[in-house]
Amino acid sequence: MFARFGFGILLAVTAVSSASADWMNADQARKFVANKLFSFNCFDGTRGVGRIFDDGSAVGSVQFGGSPQVRHMRLPSNTLQVRSGSVCASIRGMPFDPCFNLNKVDEISFRGSLSGLGFAYCDFRRQGNVRTLLTRAMSRPHASRASEPTQSADASRAEAAPAKTEPATRSEPVVELRKSTAE
37 MFARFGFGIL LAVTAVSSAS ADWMNADQAR KFVANKLFSF NCFDGTRGVG
87 RIFDDGSAVG SVQFGGSPQV RHMRLPSNTL QVRSGSVCAS IRGMPFDPCF
137 NLNKVDEISF RGSLSGLGFA YCDFRRQGNV RTLLTRAMSR PHASRASEPT
187 QSADASRAEA APAKTEPATR SEPVVELRKS TAE
């Protein structure tokens with residue numbers, strides 16, 4: 037579970053491409069993604085939004101495999117590292133440190149895939165700031181609302197039912213990962 041979580045986060049916050057996309061080396065990738073907000077969609081249905089910082093740390097929210105549960109995550113400094121010109125990740129609990137192929141699709145999007153596993157990818161698209169995202173989210177109709185036309189109800193026949201109160205849902209704690217000591 038933890039390895040899947042780490043894999044999803046790293047893919048979610050790291051890369052982009054298509055067959056005709058431009059490959060990005062580590063320096064180009066850093067300039068393209070550092071301190072910018074990206075939304076992402078992955079091959080397995082995982083999606084979310086996150087930001088990678090200059091120090092190799094990352095923060096964001098992820099929904100794994102289309103699950104309705106949103107997980108908030110934070111990766112510490114030096115989680116994402118440059119090794120031999122590639123962007124790699126160091127996550128405690130994973131048996132290896134994965135590296136990524138990063139491909140620029142256009143000026144605002146890229147694809148990241150695991151080196152050697154091209155089918156395991158996430159597509160990233162640069163977003164505005166947090167205020168812009170919140171405004172968009174609040175202005176969109178909820179997906180749970182019916183898209184079919186509704187009918188008027190006869191209020192004279194309606195009975196009032198006592199209001200139900202739902203227990204507050206607990207958010208999961210933020211996962212902290214170790215710093216890598218490898219260069």
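Take the position in the sequence shown, starting the count at 1, then add 36; the result is the number in my numbering.
Beta carbons are placed, not taken as given, at the ideal position from N, Cα and C, and that holds for glycine.
The secondary-structure analysis by DSSP pairs Lys140 across a beta bridge with Asp58, Phe146. Residues of the same chain with a CB within less than 8 Å of the CB of Phe79, apart from the 5 flanking positions on each side, are Phe155, Ala156, Tyr157, Cys158 in chain order.
At the C-beta level, Ser151 and Arg162 stay beyond 8 Å of one another. Every beta strand (DSSP E) of 3 residues or more that sits fully in the region 83-134 is shown, in chain order, as 83-88, 94-99, 107-111, 116-119, 122-125. DSSP, reduced to helix, strand and coil, places Asp80 outside both helices and strands of the structure shown, so it counts as coil. Counting along the chain, the unbroken beta strand (DSSP E) around Gly154 starts and ends at 153-162. Cβ-Cβ distances below 6 Å link Ser75 to Val85, Arg161, Gln163 in the same chain, with the five nearest sequence neighbours on each side left out; the list follows chain order. By the criterion of a C-beta distance shorter than 8 Å, Cys124 is surrounded in its chain by Leu116, Gln117, Val118, Asp133, Pro134, Cys135, Phe136, once the five residues flanking it on both sides are discounted.
Its chain contains Val118, Gly121, Ser122, Val123 as the residues whose beta carbon lies nearer than 7 Å to that of Ala62, once the 5 sequence neighbours on both sides are disregarded; these appear in chain order. By alpha-carbon distance to Ala70, the top candidate from Ser149, Ser113, Leu153, Arg128 is Ser113.
Considering only Pro104, Ser103, Lys67, the residue with the shortest C-alpha distance to Arg87 is Lys67. When the five nearest sequence neighbours on each side are left out, the beta carbons in the same chain lying within less than 6 Å of the beta carbon of Asn77 are those of Arg83, Asp159, in order along the chain.
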